[in-house]
Structures are given as C-alpha cells and as structure tokens.
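Visitor: With this note's numbering as the guide, the letters of the sequence shown map in order to residues 1062 to 1474. All C-beta atoms, glycine included, are put in the ideal place defined by N, C-alpha and C.
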Amino acid sequence: MQDFSYFCVMAGIYIHIPFCKSKCGYCGFYSLPSLKLKDRFLEALKTEIVMRKDYLQHEPHCGIDPQSPALEGSHGPTTINTVYFGGGTPSLLGTDEIEGLMQVIKAHYPVAENAEITLEANPDTLSPDYLQALRETGINRLSIGIQSFFDNDLKYLSRRHDSAHARLSIEWALQAGFNNLSIDLIYGLPTSNAEQWNRNLDIFFEYDLPHLSAYALTLEPNAILTKQIEQRKALPVNEDDALRDYEILCQRAKENGYLHYEISNFCRCGMHSKHNASYWFGTPYLGLGPSAHSFDGASRQWNVSNVEDYCDALLSPGRNSGASPTVGKALKEKELLSPEQQYDEYVMLRLRTHWGIDLKWLKREMGERFSNYCQQQALPLIAQGRLTQTREFLHLTDRQMLFADGVAEELFW
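1) Between the alpha carbons of G1285 and E1429, how many angstroms are there, rounded?
2) Determine the closest residue to N1261 out of E1300, N1326, V1408, D1306, with distance taken between C-alpha atoms.
3) For S1219, collect the residues of the same chain with a Cβ closer than 6 Å to its Cβ; drop the 5 residues on either side in sequence, then sort them by chain order.
4) Would a C-beta distance cut-off of 9 Å place Y1075 and L1349 closer than the cut-off?
5) Name the DSSP beta bridge partners of V1022, please?
6) Take W1474 and list the residues in its own chain whose beta-carbon comes closer than 6 Å to its own, dropping the five residues that flank it on each side.
7) Count the C-beta pairs between the segment 1235 to 1247 and the segment 1263 to 1282 that are closer than 8 Å, then say yes if the count reaches three, no if not.
8) Report the rounded CA-to-CA distance for L1106 versus E1197, giving the unit in angstroms.
9) So is Q1362 buried or exposed if we call it buried at 16+ other beta carbons inside 10 Å?
10) Would you give the residue range spanned by the alpha helix (DSSP H) that N1364 belongs to?
11) Could you tell me which whole beta strand (DSSP E) segments of length 3 or greater appear in the segment 1257 to 1337?
12) Quick one: grab the DSSP three-state call for Y1091.
13) In three-state DSSP terms, what is H1222?
14) If I follow the unbroken beta strand (DSSP E) through L1246, where does it start and stop?
15) What's the gap between the Cα of Y1170 and the Cα of Q1118?
16) Going by the CB atoms, is the gap between S1325 and T1179 shorter than 9 Å?
17) Determine the burial state of V1358: buried for a count of at least 16 other Cβ atoms within 10 Å of its Cβ, exposed for fewer.
18) Put G1348 into one of helix, strand or coil per three-state DSSP.
19) The alpha helix (DSSP H) that contains L1440, what's its start and end?
20) Drop a sphere of 10 angstroms on the beta-carbon of L1486, count the other beta-carbons inside from all chains shown, and report buried for 16 or more, exposed for fewer.
21) Using alpha carbons as the reference points, say which of Q1236, Q1208, F1327, L1162 lies closest to F1146.
22) Tell me where the beta strand (DSSP E) around T1451 begins and ends.
23) Here's the rule: buried if 16 or more other CB atoms are within 10 angstroms of the residue's CB, otherwise exposed. What is F1068?
24) Using the Cα positions of H1226 and F1431, report the straight-line distance between them to the nearest angstrom.
25) With DSSP as the reference, identify every bridge partner of L1397, one or two as the case may be.
26) Where do the ends of the alpha helix (DSSP H) carrying Y1116 lie?
27) Let's test the definition: count the other Cβ atoms within 10 Å of the Cβ of S1253 and tell me whether it reaches 16, buried, or not, exposed.
28) Expressed to the nearest angstrom, what Euclidean distance is found between the alpha-carbon atoms of L1132 and E1426?
29) Could you have a look at E1197 and say whether DSSP puts it in helix, strand or coil?
30) Who pairs with D1190 in a beta bridge, going by DSSP?
31) Would you identify the three-state DSSP class for L1476, choosing helix, strand or coil?
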C-alpha cells in the first residue's frame, strides 16, 4: 500500500452548477430542469467566489496537528490543485461563461499551474465545436455521463441522449484533445443482463479511456424513478443483479489493467481523479453554489439547496460584502466535527479506497487512543474475513468494498 498522505495538503474547489435540460429519473442531486435563473446564478456564484476567498487559508488540514511535518511550508494561502464543475449539467454553460468563472477563480485563488480542472458533461450537450472551445477555457479533464451504451437502459433512466450520441460524445472529446477523459456507467439495471453489461464494458475498453466511474443503480428517496417503482410504473431493482454486475466489473477491470482505487472508480496507472481522491483523504475543499458542501479539516458547512434563496442571499441590497454568507440569509449551515466524528469520517472514507486505513497515520496524527481502538475493533472483522490487514493498512478486497459501509460501522467510535 502506498502512503497518500500528501493529498492532505492539496486543496480543491467544487462548483455546483444546478441546471439540467430535464431531471433524470434516478437523480437525487439538487438541480432545476430550467435555465431561466442562469444569469442571476452566475452573478451570485462570482460573488461567492470572491467573498469566500479566505476560507482555505490558515485552516487545519485533515485533523492533522498544525505542527505536523506534513504541513511544513503550507501556511498562508493554500494552493488550489483541483477545480471541479459538477451538477446538474455544467456543460449547459457556454464556454465563455466557464472561462469567465475560471478567470474570477484564478484572480482570487492561487491555482496551481498544473491543476486538474474537471467538467461534468452530458452527451446531449456536446458537439465538436463546443468541445474544441472548451479546451481553450482551461478545462483539462472531462467526465461524461454515458450511463449505458444501450437505448433500453437509457430510456429506463430517462436520459436525453441515445446510444449513438453516447459514442459520438466520446469520439468528439478524444478528437478535441481530452486525453484525461472519464465516463460514468450504471449497473444493476432491470433492463439489462450479464451479457449486456459485459458489452457495455467491452465498448469502454475498446476506447481505452483512462478512467471509469461505475455506480450501482441506487433508489434515492426523492427521485422520480423511486416513485415510479413504488407505483409499479417502472421495473424494480434487483440487488442480486447489482452484485453480479459488480463482480463482472471488478474482474474485467483487473484483466484489462485498471486499478480499482475506490468502490466506484477504476483507472489506468496515475489517472485517478485527484479531486475526488482528495475527498477520501480528508483534504480541505471549498464548495461553491447551491447545495455545495465545504470542509476545512475541522468543520463542515453547506449552502442552501435552493437557487433563488442562494441568489437572494448573495445579491440582496444592503448585504455586507465583506462577510461570509449567513444562516439568516439561508445560505449556509455549519457542523463542527469532534475528534470522534473526524475519526469516524476518516474510517468511512478511507475504507472506500484501495489504500484503506493507514494505522501509522492514524496514530501519528490522531493519537494512540484512536489507533488502538481501530485495531481492537478490526480484530474480529479480520478473523471473519470481512477486513484485510497488509502491514500497517486495513483495507477491503474488491468484493468486500461493496459492503464498506457495514464494515465501517463496526469500526466507528
């Protein structure tokens, strides 16, 4: 196992773009199927970018002692190593709008010259001209929500694109020079079977892309598809099918040389998502936009999940432009994490990864009380074959990863 503790001094910015052309049936993220508030939102977003420019300065990192050698040279403005445009559908923004946001970010934050800058995109929003122009904005990593290369799956998920456009979007992105390219696929669909899931993976491997995010279909409480299934208007999800597809995915990814570095993520060597990996390593990050979360190493805070309230809070007359947005303005809530909560988060997030829990790091940075407790709780899990120990690391096998939450609960404080 490699020591990836250096992630802890790599800060990132997440920007939530809350607009879609239409709401996908399975989606539980905050978004609006309309663009009518886009201009006001962009004005408010730029305001928040400026107002919160000091959030990542002089903050604790990952619960590490401020005197830790891991933070040597990291005092003062924190270098931004990743920027991630998520949604919603960020590719609904024009390339001039994306470039304008990047200009404001770079004017107020020390963005590293080689920063990973990712944009999520849906196939139906992409074209050769758009992708060529997108390359000029500073976006150097693209994540395309393919979900499936089969029309029956896409129809079930209420996606706007078809299988032909799914493939074209990948080909156009490669032609435009997006070599750091990832796609999303969904498995465990009742419209699919083992043969069709294998064919989805065949197509991915044929493109030889550096990164794949693959998710089991999850029924979110507020999602349209959940209600349709409850009303027997859509086929139900079968957990056995999801487990079958997951095992196929893990085996085939390994055979094709991909590292299974997180429950739902696979990559060629060195091509992991640096932004997402920073979440799993407890790195401080700033979340901008409605519903976005931020973490400074000791506390977590989040913005209101409502575009109108978000815009009103930032653009209302008489607001104090020198202060952070307030709860009274319905913009943000905050949770201060106790040492025990920080330990639980570390365990939960690191178990999701290939690298697992670093007992040496836990002892050095959080103290013997936590490292001893973790090792004690781990003993019966190791005996049961639910947890594996390699030197100073506790981790899960591919199959065990699917049950990471249950194992983490056994290790919680």
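Guide: Looking at the coordinates:
1) One point to set straight first is that residue 1285 is Ile, not Gly, in the sequence displayed. Roughly 47 Å between the two C-alpha positions.
2) D1306
3) C1085, G1086
4) yes
5) The structure shown does not extend to residue 1022, since the chain is modelled only from 1062 to 1474, so the question has no answer here.
6) E1401, Y1404, D1405
7) yes
8) 21 Å
9) buried
10) It is not in any alpha helix (DSSP H) - N1364 instead sits in the beta strand (DSSP E) that spans 1360 to 1364.
11) 1272 to 1277, 1320 to 1323, 1326 to 1328
12) coil
13) coil
14) 1242 to 1248
15) 10 Å
16) no
17) The sequence shown places Gly at residue 1358, not Val. Its Cβ being crowded by 16 or more others within 10 Å, G1358 is buried.
18) strand
19) 1429 to 1444
20) Examination of residue 1486 is not possible in this model, given that the chain is present from 1062 through 1474 alone.
21) L1162
22) 1449 to 1451
23) Any reading at F1068 must be qualified, since the residue scores a pLDDT of 41, below 50, and its modelled position is unreliable; no value is offered.
24) 50 Å
25) S1360
26) Run containing Y1116: none; DSSP gives neither H nor E here.
27) buried
28) Reliability of the predicted coordinates at L1132 is poor, the pLDDT of 36 falling under 50, and the value obtained from them is presented with this limitation in mind. Rounded to whole angstroms, L1132 to E1426 spans 11 Å at the Cα level.
29) coil
30) Answer is none; D1190 lacks a bridge partner.
31) The chain is shown from 1062 up to 1474; residue 1476 falls before or after that span and cannot be answered.
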